[in-house]
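Chains as they are written, first to last, in this note's numbering: chain A, 1 to 169; chain B, 170 to 270. Where a beta carbon is used, it is the ideal one built from N, C-alpha and C, also for glycine. Computed from a prediction, not measured in an experiment: that's the story for all the values here. Structure first, then comments.
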Amino acid sequence: MKIDLYSFLFYFFAVFTAGSAAIVVLSRHILHAAFALLFTFFGVACIYILLNADFIAAAQVLIYVGGVLILILFGVMLTQRIGDVKFIAIPMQLYGAAVICTLIFSLIIYVIYNQPWVIRTQKEITSTTERIGIMLLNDYLLPFEVASLLLIVALVGAAIIAERAKKRW
Amino acid sequence: MVGLAHFLILSAILFCLGLFGVLTRRNAVAFLMGIELMLNSAGINFIAFSRFCSHDIHGHVFAAFIIVLAAAEAAIALAIILAIYHNLRTIEVDKIDVLKG
Numbered sequence: 001m002k003i004d005l006y007s008f009l010f011y012f013f014a015v016f017t018a019g020s021a022a023i024v025v026l027s028r029h030i031l032h033a034a035f036a037l038l039f040t041f042f043g044v045a046c047i048y049i050l051l052n053a054d055f056i057a058a059a060q061v062l063i064y065v066g067g068v069l070i071l072i073l074f075g076v077m078l079t080q081r082i083g084d085v086k087f088i089a090i091p092m093q094l095y096g097a098a099v100i101c102t103l104i105f106s107l108i109i110y111v112i113y114n115q116p117w118v119i120r121t122q123k124e125i126t127s128t129t130e131r132i133g134i135m136l137l138n139d140y141l142l143p144f145e146v147a148s149l150l151l152i153v154a155l156v157g158a159a160i161i162a163e164r165a166k167k168r169w
Numbered sequence: 170m171v172g173l174a175h176f177l178i179l180s181a182i183l184f185c186l187g188l189f190g191v192l193t194r195r196n197a198v199a200f201l202m203g204i205e206l207m208l209n210s211a212g213i214n215f216i217a218f219s220r221f222c223s224h225d226i227h228g229h230v231f232a233a234f235i236i237v238l239a240a241a242e243a244a245i246a247l248a249i250i251l252a253i254y255h256n257l258r259t260i261e262v263d264k265i266d267v268l269k270g
């Protein structure tokens with residue numbers, strides 16, 4: 001069977017993403033988990049590029065890798081003694097969680113294969129950025145404004161909570 | 170040929186790994202990492218449906234909103250985790266059992 005470049009890239013990045021995601025949830029060292037999360041975010045960005053989503057891929061790299069991951073690393077550094085390894089659950093909990101996740105996974109796979117998806121061919125869109133900008137300020141204007149309000153609230157709220165923590169109220 | 174199902178299965182794998190992390194981790198920051206994995210899998214689903222099942226790119230806008238929500242959520246969650254750490258000196262979710270500030 002001949003494998004074309006697109007399939008090869010998809011399988012490569014899929015294995016890359018899923019593998020580093022597995023390290024994120026299974027690693028015994030929290031710093032290893034945080035760095036594996038970096039590779040997962042990059043892998044997801046590459047999957048977005050394979051799906052012709054250039055703007056979302058760029059936003060993924062900028063916001064997740066540049067913002068969320070840095071925040072998580074800050075959280076690790078400020079709250080954890082490095083070398084603290086005991087943060088995996090007790091075995092009973094592990095088995096229960098494995099059973100639940102396997103059940104949900106098989107349910108999702110069942111739905112994916114038994115659902116008659118309507119496949120439509122997309123219009124050739126070379127760059128999605130312009131189209132997304134037009135949509136955000138027309139069809140999605142209200143969610144866009146609500147999102148900006150949410151960001152302000154999150155910013156102020158995080159600052160107030162962190163300040164209270166410093167004053168030890 | 171790689172089609173819609175492949176991307177959906179990848180997203181299902183990511184979602185279940187994230188769920189496993191949320192269910193088994195005792196550290197609140199590691200807990201948060203599981204949630205980020207689940208949000209990413211939802212983003213892949215939106216983009217995949219937008220690519221294969223739609224003429225337009227509405228899914229991209231939703232993926233952008235997911236990214237915004239994830240950023241806000243991470244900032245708030247880490248502020249709360251830091252406040253808990255300052256008060257209780259631990260971020261193990263099993264040991265955080267007081268509601269009094």
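Query	Result
On the criterion of 16 or more Cβ atoms from any shown chain inside 10 Å, does S127/A qualify as buried, or is it exposed?	exposed
Among residues of its own chain, excluding the 5 on either side of L208/B, which ones have a beta-carbon nearer than 7 Å to its beta-carbon?	I235 and A239
Nearest-angstrom Cα distance between A211/B and L149/A?	23 Å
Taking only three categories from DSSP, how would you classify N114/A?	helix
Do we get a CB-CB distance below 9 Å when we pair D225/B with the residues of chain A?	yes
Along the chain, where does the alpha helix (DSSP H) containing V262/B start, and where does it finish?	Segment: none, V262/B is in no alpha helix (DSSP H) and carries neither H nor E.
Measure the Cβ-Cβ separation of M135/A and H227/B and say whether it is below 9 Å.	yes
Please report how far the alpha carbon of A252/B lies from the alpha carbon of D54/A, in whole angstroms.	37 Å
With distances taken between CB atoms, is the gap from C222/B to I119/A smaller than 9 Å?	yes
Could you give the first and the last residue of the continuous alpha helix (DSSP H) run that contains Y48/A?	I30 to L50
Between D263/B and the rest of its own chain, which residues show a CB-CB distance below 6 Å, the 5 nearest in sequence each way excluded?	R195
Let's see if you can read the secondary structure: which residues bound the alpha helix (DSSP H) around C185/B?	L173 to T193
Rounded to whole angstroms, what is the Cα-Cα separation between Q60/A and A197/B?	23 Å
My output table needs one value for N138/A: the three-state DSSP class, helix, strand or coil.	coil
Can you tell me whether H255/B is helix, strand or coil according to DSSP?	helix
Express the C-alpha separation of I216/B and L137/A in angstroms, rounding to a whole number.	20 Å
Which value, in whole angstroms, describes the spacing of the CA atoms of I213/B and Y254/B?	34 Å
What does N196/B pair with, by DSSP beta-bridge criteria?	E261/B
S7/A touches chain B at which residues, Cβ-Cβ below 8 Å?	M170 and V171
Compare the C-beta of L247/B against all C-beta atoms of chain A and say whether one is closer than 9 Å.	yes
Could you tell me if the beta carbon of T129/A falls within a distance shorter than 8 Å of some heavy atom in the ligand MN?	Among the ligands in the structure shown, none appear at all, so the ligand MN cannot be discussed.
Measure the beta-carbon distance from I199/A to A57/A and round it to whole angstroms, keeping in mind my assumption that it falls under 8 Å.	The requested residue 199/A does not occur in the structure, where chain A is confined to residues 1 to 169.
Strictly under 9 Å for the Cβ-Cβ distance: is L268/B near chain A by that measure?	no
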